[in-house]
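Counting with our numbering, you get residues 9 to 137 for the letters of the sequence shown.
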Amino acid sequence: MAQRSKSQAGFSLVEMLASLMLLGMGLLALFNCFARTVFLDSAAAEQADAVRIAQAQMETVKAMRFEDVGAGSEQFERNGLLYTCRVSVSARQKDSSLKDVTVTVSWMPQHSPGGTARQVRFDTAILRR
9 MAQRSKSQAG FSLVEMLASL MLLGMGLLAL FNCFARTVFL DSAAAEQADA VRIAQAQMET
69 VKAMRFEDVG AGSEQFERNG LLYTCRVSVS ARQKDSSLKD VTVTVSWMPQ HSPGGTARQV
129 RFDTAILRR
């Protein structure tokens, strides 16, 4: 290998291009990781809103008189998303003093146009007091 003189010291064009290419690939990987993190954070926030709606509805049902507990549906808007909350009630066959209650909250994810609807579901049993 030939010795370089002091006037020829430094990086060659090929070395610079290779370095820039490696740097670009690393930055692209970081950007993809960042974009995925933002998407997952948004999905987690949507699910947290749905859980809060379901919990609030379940507490409302639990506070009702046994005779007043019935099925229903309601819509809520949170952070630009429409959540549908459905309450279904079924009486137990063998025990008329017990009702099974299911609260289901469903929504269409913001970053999933044309995708599948998501949902959370809470179940409980209510006893006549």
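Just so it is clear, CB atoms sit at the ideal spot from N, CA and C, and this is done for glycine as well.
Around the C-beta of Q83, fewer than 16 other C-beta atoms lie within 10 Å, and the residue is accordingly described as exposed. The C-beta distance from A62 to V111 rounds to 5 Å, short enough to meet the 8 Å contact threshold. In the three-state scheme derived from DSSP, where H, G and I count as helix and E and B as strand, Q83 is classed as strand. The DSSP-derived three-state label of K107 is strand. For R60, the uninterrupted alpha helix (DSSP H) segment begins and ends at L21 to A71.
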